[in-house]
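What follows is a set of notes on a single structure, which appears directly below.
Residue numbers (the numbering used here): 87 to 209.
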């Protein structure tokens, strides 16, 4: 018979396997907002079943960062970062693709009048 501790051990192994599947076998897109505005990240891609997927970060406040995890075998990855210029008004800061799926990191800065960005090394 299983004791309570065996159930806990099985549960922890199960949780570890799920976390490993989500985070280790995934592509990460991270954006660090150093600008004076609220931004959002949009990631579009096709999954292993060739279904289009869309992930958004929601509002990314100034001096915050956000990471979006997508499945490792994704393809046709499009990355867009937008800023909220005014109420319900979004403007694109940049759009790029990820033709060779791998983890990428970006930094954005500036104001709603002049926003800029750069790709950085992921640390």
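Backbone N, C-alpha and C define an ideal beta-carbon position, used for all residues, glycine too.
Put simply, the region 200-207 touches the region 167-182. At least three CB pairs are less than 8 Å apart. Taking C-beta atoms as the reference points, residue 152 and residue 116 count as a pair closer than 9 Å. Distance from the CA of residue 133 to the CA of residue 167, rounded to the nearest whole angstrom, comes to 21 Å.
Residue pairing by DSSP puts residue 181 in a beta bridge opposite 166.
At a Cβ-Cβ threshold of 9 Å, residue 114 and residue 173 do not count as neighbours. In the structure shown, the three-state DSSP call for residue 209 is coil.
In the structure shown, residue 155 adopts extended strand secondary structure according to DSSP, grouped into three states. Taken through DSSP and simplified to helix, strand or coil, residue 171 comes out as strand. Its chain contains 119, 120, 121, 122, 123, 124 as the residues whose beta carbon lies nearer than 8 Å to that of residue 148, once the 5 sequence neighbours on both sides are disregarded; these appear in chain order. Per the coordinates, the alpha-carbon of residue 164 lies some 14 Å from the alpha-carbon of residue 143. With distances taken between CA atoms, residue 197 lies nearest to 169 out of 191, 169, 186, 206.
In this structure, the CA atom of residue 209 is about 23 Å from the CA atom of residue 145. Here residue 143 carries a coil assignment [DSSP, helix/strand/coil].
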